[in-house]
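The structure under discussion appears below in the form of structure tokens.
Right, here's the structure in full:
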């Protein structure tokens, strides 16, 4: 193994250990059940992809990428579910906005639009700006 390849493997191992520690810390912080399981799942799939890449050099890279990202993706789905709950989504609001705030903003926006009068695009023939009339 060349020194560059050995360095790349050491960096990959460091990243996997860091990812595992971060997932464990984050799962504990959010109160997810079994943080060790989630850390092992996220780091384990990455480790399996690394070992597979080293043991079988002819393995397709897209397959390794799928294996490596499977654990972190499953953890992120579980994290999102734990953070946002199981209640059904409201199709009329964005996740970061509250329904009372969005309705009050839409009411104030519509009143401002009414006072300004109808708006048309330039060049459509519906507006009577002096620039368009002088042409």
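In the working numbering, the protein residues as written are 2 to 136. In this text, a Cβ means the ideal position worked out from N, Cα and C, and glycines have one as well.
Next on the checklist: Is it buried or exposed, residue 21, if we count other Cβ atoms within 10 angstroms and call 16 or more buried?
Outcome noted: Under a 10 Å Cβ-count criterion, residue 21 is classified as buried, with 16 or more other Cβ atoms of the shown protein chains found around its own Cβ.
Checklist entry - If you draw a straight line from the C-alpha of residue 13 to the C-alpha of residue 51, how long is it? => result Across the structure, residue 13 and residue 51 are spaced so that their CA atoms are roughly 8 Å apart.
Next on the checklist: Here's the rule: buried if 16 or more other CB atoms are within 10 angstroms of the residue's CB, otherwise exposed. What is residue 26?
Outcome noted: Burial call: exposed.
Item to check | residue 74 classed as buried or exposed, judged by whether at least 16 other C-beta atoms fall within 10 angstroms | outcome: With fewer than 16 other Cβ atoms within 10 Å, it is exposed.
Item to check | Inter-residue CB distance, residue 17 and residue 34 (contact presumed, cutoff 8 Å) | outcome: With a contact defined as Cβ atoms closer than 8 Å, residue 17 and residue 34 miss out at about 23 Å.
Item to check | residue 87, enclosing alpha helix (DSSP H) - first and last residue | outcome: No alpha helix (DSSP H) contains residue 87, which DSSP labels as neither H nor E.
Checklist entry - In or out: residue 15 buried (at least 16 other Cβ within 10 Å) or exposed? => result Here residue 15 is exposed: its Cβ has fewer than 16 other Cβ atoms, across all protein chains shown, within 10 Å.
Item to check | C-alpha distance - residue 1 paired with residue 90, whole-angstrom precision | outcome: This structure does not reach residue 1, given that the chain is present from 2 up to 136, and the question cannot be answered.
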